[in-house]
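For the working numbering, count along the sequence shown from 1 and bump the result up by 642. A virtual CB, placed ideally from N, CA and C, is assigned to each residue, including glycine.
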Amino acid sequence: LDRLPQLPEWIDPTLVKREQFSSFDYSMRAAHELTENGSSDLLSPLRRRLAYDELLANQLALSLVRQRVMKVRGRSMEANSVLAQKIRLSFGYQLTGAQDRTLNDISDDMADVRMLRLVQGDVGSGKTIVALLAMATAIASGAQAALMVPTEVLARQHFRTIQPLAQAADIRLEVMTGKDTQAEKRKKRQALSNGEIDIVIGSHALFHDDVDFADLGLVVIDEQHRFGVHQRLLLASKGHTPDVLVMTATPIPRTLVLTLYGDMDVSRLDEKPVGRKPIKTVSLPVSKLDELIARVHKAVARGDKIYWICPLVEDSEEVSATSAQTRFESLKSFFPDQWGLIHGRMSSHEKNDAMAAFKDGTTRLLVATTVIEV
């Protein structure tokens, strides 16, 4: 604080007067030294001034990033109808209007500017097929594509989903995660740098310095909020001005999208694919737990599968909520062989086993924390 200089005011004078803001250096000193009544109050003019400065700096930084990105002209990549047609035929479902609109936005970007686009859509709205068709455009132009996901479980899940569609279009697909052996890593890195892999799906393993691409043309990032802007830029730096497509299922209001992702264009998948059943939401008090378990019995007898989501991994003195561990133990007596458990403290191997057992029907009920969303 002793080194803090007196800086000229950068906030509009009208705003300073209206909000009763003190100068930056005074606000900083007072907030840290707690020399004034109310300076520890989060809503005091001192703290609000500093919060405003942070937000302003963030918006200016995003604006500068956007200006710099838009100045760098992207390579022109035209959508290849042959590759896309093969994928669509293999997919076998009619795309929604929202998916077609989003693909048009992506095609326009990739044909002209350097793309930096956020695709927002609920789980099940069809983001993955949109991403794959965008990656097909890059591949048809002679480039490679990378799909970056937050967890190894999700990387392998995407690989299984995309593989049959990629095979139908003769697209060479590979998955890279931290679980690969040293020999597997060397082989995959070599193939990637030689251009023998068209699409690579991976978690943080893709960030490593020793991962090189022959020609990275498109970076797709799934669940942006789990990666910082720095990581996004780091992966994008592995190619020569590659296009960047970011996907999220987090519902973000339009105004907040512009605040958080001011350097991006936004497309929304606001339609559900045909045939989706309506979602029924029911709230029950804990006193009706027996009634719920009876309904679960019926659902399992019908062959249904059930997620039972808990907010905590284990019981806590601070939070009065049932943990996944406790709920799992209490429910095992009702369905001895049908329950699985998954949470963030389990090893990747344990999580993979739990997901595989649930997927193949060995377990019909899965107690989980919110880690299940990814």
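On the DSSP letters alone, give me the boundaries of the beta strand (DSSP E) that MET719 sits inside. Here the question's residue 719 lines up with position 77 in the sequence shown. Where MET719 is concerned, there is no enclosing beta strand (DSSP E), given that its DSSP letter is neither H nor E.
GLY680 burial status per 10 Å Cβ neighbour count (16 or more: buried): If you number the sequence shown from 1, residue 680 lands on position 38. Because GLY680 sits at a pLDDT of 48, beneath the cut-off of 50, its placement in the model cannot be relied upon, and the point is left open.
GLN786, buried or exposed, once every other Cβ within 10 Å from all chains shown has been counted against 16: Residue numbering aside, residue 786 sits at position 144 when the sequence shown is read from its first letter. Buried, since its Cβ has 16 or more Cβ neighbours within 10 Å.
Does the beta-carbon distance from VAL795 to ASN994 come in below 8 Å? The sequence position of residue 795 within the sequence shown is 153, counting from 1. The sequence position of residue 994 within the sequence shown is 352, counting from 1. Cβ distance < 8 Å, so VAL795 and ASN994 count as in contact.
With DSSP run on the structure shown, which of helix, strand or coil describes THR890? Mapped onto the sequence shown, residue 890 falls at position 248. Strand at THR890.
Here's the rule: buried if 16 or more other CB atoms are within 10 angstroms of the residue's CB, otherwise exposed. What is LEU688? Sequence index remark: in the sequence shown, residue 688 carries index 46 (1-based). Looking at its Cβ environment, which holds 16 or more other Cβ atoms inside 10 Å, LEU688 is buried.
Comparing C-alpha positions only, which one of LEU954, ASP907, LEU1007, MET988 sits nearest to LEU704? As a working note, residue 704 is residue 62 in the sequence shown. Among LEU954, ASP907, LEU1007, MET988, the Cα nearest to that of LEU704 is on ASP907.
Taking the alpha-carbon of THR1012 as reference, which of PRO953, ALA996, ALA936, TYR735 has the nearest alpha-carbon? Locating residue 1012 in the sequence shown gives position 370, where the first residue counts as 1. Of the listed residues, the one whose Cα sits closest to THR1012 is PRO953.
Within the chosen definition, does the stretch 886-894 reach the stretch 912-922 through at least 3 CB pairs nearer than 8 Å? no
Of the choices PRO978, ILE951, GLY739, SER972, whose alpha-carbon is the least far from that of VAL1009? One-based indexing of the sequence shown puts residue 1009 at position 367. VAL1009 has its Cα closest to that of ILE951, out of PRO978, ILE951, GLY739, SER972.
Opening and closing residue of the alpha helix (DSSP H) in which GLU661 lies: Translated into positions along the sequence shown, residue 661 becomes position 19. 655-661 is the span of the alpha helix (DSSP H), which, as asked, contains GLU661.
Mind pulling the beta strand (DSSP E) runs of 3 or more residues that sit fully within the stretch 917-952? 948-951
I need the straight-line Cα distance from THR770 to ARG660, nearest angstrom please. As a working note, residue 770 is residue 128 in the sequence shown. As a working note, residue 660 is residue 18 in the sequence shown. Going by the C-alpha atoms only, they are around 48 Å apart.
C-alpha distance - GLN1054 paired with ASP750, whole-angstrom precision: The structure shown does not extend to residue 1054, since the chain is modelled only from 643 to 1016, so the question has no answer here.
Taking the C-alpha atoms as reference points, what is the distance between ALA788 and MET752? Here residue 788 refers to the residue found at position 146 of the sequence shown. Here residue 752 refers to the residue found at position 110 of the sequence shown. So the two alpha carbons sit approximately 15 Å from each other.
Can you look up GLN648 in the DSSP assignment and give me helix, strand or coil? Stepping through the sequence shown from its first residue, residue 648 is reached at position 6. Coil, per DSSP.
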